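In mature numbering (1 follows the signal peptide of the UniProt record, and there is no 0), the protein residues as written are -28 to -1, 1 to 351.
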Ligand SMILES: *[C@@H]1O[C@H](CO)[C@@H](O)[C@H](O)[C@H]1NC(C)=O
Ligand SMILES: *[C@@H]1O[C@H](CO)[C@@H](O)[C@H](O)[C@H]1NC(C)=O
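Next up, the structure:
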């Protein structure tokens, strides 16, 4: 047995610590279905609906997001001049990959890993010990109500609470001439988010693909009628009845027109409208409500995967934006968050296969949707 000096022992234990911190993201070879890949040792974190969180738990979440908004970014300025915060590092990754992660089969796996990544960064870099939330849309959307009541229900959601929540809609700004085609029906905001936990945050990147430093407010342009056209219970039920993954992804993503938006676009343009941050295809993660919406999209997918063993590893759909003739998305396709996102300076590159079972990724949901979009215990 080797005898180590005190200094030697210190180095060994430091190396052990580094190894422990980095195993999951840097050193582990991707092994499909392996818990080690995601550093999952024992307890899974269970995501819950926003309004079931206590005031304290809500604050834990919004504080951790604000922490990432305050920590200095790691992306070198010569790659993207506008990046100021850790949160911007995350936004940039989405912005940079926009054309390969939307309207492709890869969309759901990529965003599953993306949402997992921010949760991991919150836990590793901001001491987050709380519950990651999702937004069960049907609590705020009921298209069987008269239009005005449906609208009020959406606008009065506790998600937009001006104290504990994500803040409310921006002041109304008329549709700029020439932009009518980009305005979802019933848009009624456009200005800065006036209150809530992200009132003072700065959006630094964008609009669109621009990466210059361009600090401005977080904006919202709610379109409740449009949102609830898709996000009412029957929109989710329609999605849950998909026959295979290609069909499922097609219903979730729909297309670029407001008549075929699906539950994905329903949330983005229902919150962000024409002038709000959530409505910017490149920049939408800059609105923290993005994570609530995407966690629920992920929950719909996971629920659908669990409905039938054939669904569990079902994959496919285009590899090129909206091009149904492009080769199908494969389970072996790698997913990367880029060099400046994730733990230890680098998020590991995983494959689609690695993110098919969320239990391997160390999280789960407290409730699943059944085929009629009822919230039921995990099955
Ligand atoms: C953007 O993506 C390209 C690959 O598509 C990559 O080479 C580049 O490093 C990325 N930029 C940043 C800032 O991550
Ligand atoms: C959902 O219900 C509304 C109101 O009853 C109806 O107009 C709409 O077409 C339904 N949507 C789907 C996707 O079934």
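Ideal Cβ positions, reconstructed from N, Cα and C, are used throughout, including at glycine. Since we're looking at a predicted model, the values are computed, not measured.
Sub-9 angstroms separation of residue i and residue j beta-carbons
i: residue 109; j: residue 268; result: yes
i: residue 256; j: residue 244; result: yes
i: residue 162; j: residue 248; result: yes
i: residue 238; j: residue 203; result: yes
i: residue 55; j: residue 260; result: no
i: residue 176; j: residue 57; result: yes
i: residue 286; j: residue 332; result: no
i: residue 258; j: residue 86; result: no
i: residue 179; j: residue 254; result: yes
i: residue 39; j: residue 97; result: yes
i: residue 264; j: residue 105; result: yes
i: residue 193; j: residue 99; result: no
i: residue 345; j: residue 125; result: no
i: residue 300; j: residue 77; result: yes
Beta-carbon proximity list for residue i, same chain, < 7 angstroms, skipping 5 on both sides
i: residue 342; result: 348
i: residue 65; result: 309, 310 and 313
i: residue 351; result: 278 and 340
i: residue 170; result: 138, 139, 190 and 260
i: residue 223; result: 210, 211, 214 and 234
i: residue 53; result: 183, 184 and 185
i: residue 276; result: 212, 214, 220 and 283
i: residue 123; result: 196 and 197
Element boundaries [alpha helix (DSSP H), containing residue i]
i: residue 85; result: 79 to 98
i: residue 18; result: Residue 18 -> not in any alpha helix (DSSP H); beta strand (DSSP E) instead, spanning 17 to 21.
i: residue 123; result: 119 to 127
i: residue 61; result: 58 to 73
i: residue 31; result: 27 to 42
i: residue 284; result: 281 to 284
i: residue 224; result: 217 to 225
i: residue 241; result: 234 to 244
Residue environment, residue i, which counts as buried when at least 16 other CB atoms sit within 10 Å
i: residue 173; result: buried
i: residue 184; result: exposed
i: residue 296; result: exposed
i: residue 42; result: exposed
i: residue 121; result: exposed
i: residue 28; result: exposed
i: residue -22; result: Since pLDDT at residue -22 reaches only 42, below the 50 mark, its modelled position is unreliable, and the value read off the structure follows with that caveat. Residue -22 should be labelled exposed.
i: residue 67; result: buried
i: residue 150; result: exposed
i: residue 119; result: exposed
i: residue 144; result: exposed
i: residue 152; result: exposed
i: residue 328; result: buried
i: residue 232; result: exposed
i: residue 280; result: exposed
i: residue 207; result: buried
i: residue 352; result: No information on residue 352 is available, as it lies outside the stretch -28 to 351 that the chain covers here.
i: residue 227; result: exposed
i: residue 113; result: buried
Contacting residues, own chain, Cβ-Cβ under 8 angstroms from residue i (five flanking each side not counted)
i: residue 3; result: Low per-residue confidence applies at residue 3: pLDDT is 42, beneath 50, and the placement is therefore not dependable enough to give any value.
i: residue 130; result: 22, 23, 136 and 137
i: residue 219; result: none
i: residue 103; result: 17, 18, 19, 20, 25, 29, 32 and 33
i: residue 181; result: 67, 70 and 254
i: residue 225; result: 74, 75, 79, 234, 236 and 237
i: residue 127; result: 140, 141, 194 and 196
i: residue 188; result: 174 and 175
Extent of the continuous beta strand (DSSP E) run through residue i
i: residue 196; result: Per DSSP, residue 196 belongs to no beta strand (DSSP E); it is in the alpha helix (DSSP H), 196 to 203.
i: residue 298; result: 295 to 300
i: residue 336; result: 335 to 337
i: residue 290; result: 290 to 292
Proximal residues to residue i (C-beta, below 6 angstroms), its chain only, five neighbours per side dropped
i: residue 156; result: 195, 198, 230, 241 and 245
i: residue 12; result: 334
i: residue 337; result: 19 and 271
i: residue 305; result: 324
i: residue 317; result: Note that residue 317 has pLDDT 40, beneath the 50 cutoff, so the model's placement of it is unreliable and no number is given.
i: residue 274; result: 330
i: residue 154; result: 246
i: residue 84; result: 270 and 327
Chain C contact for residue i (CB, 9 angstroms cutoff)
i: residue 86; result: The chain inventory of the structure shown lacks chain C, comprising one protein chain alone.
inquiry  = Across the stretch 71 to 82 and the stretch 125 to 135, are there enough close Cβ pairs to call them in contact, namely three or more that are closer than 8 angstroms?
reply    = no
inquiry  = Below 8 angstroms, how does it come out for the stretch 211 to 221 and the stretch 82 to 91: are there three or more Cβ pairs, yes or no?
reply    = no
inquiry  = Between the stretch 290 to 304 and the stretch 45 to 55, can you find at least three pairs of beta-carbon atoms closer than 8 angstroms?
reply    = no
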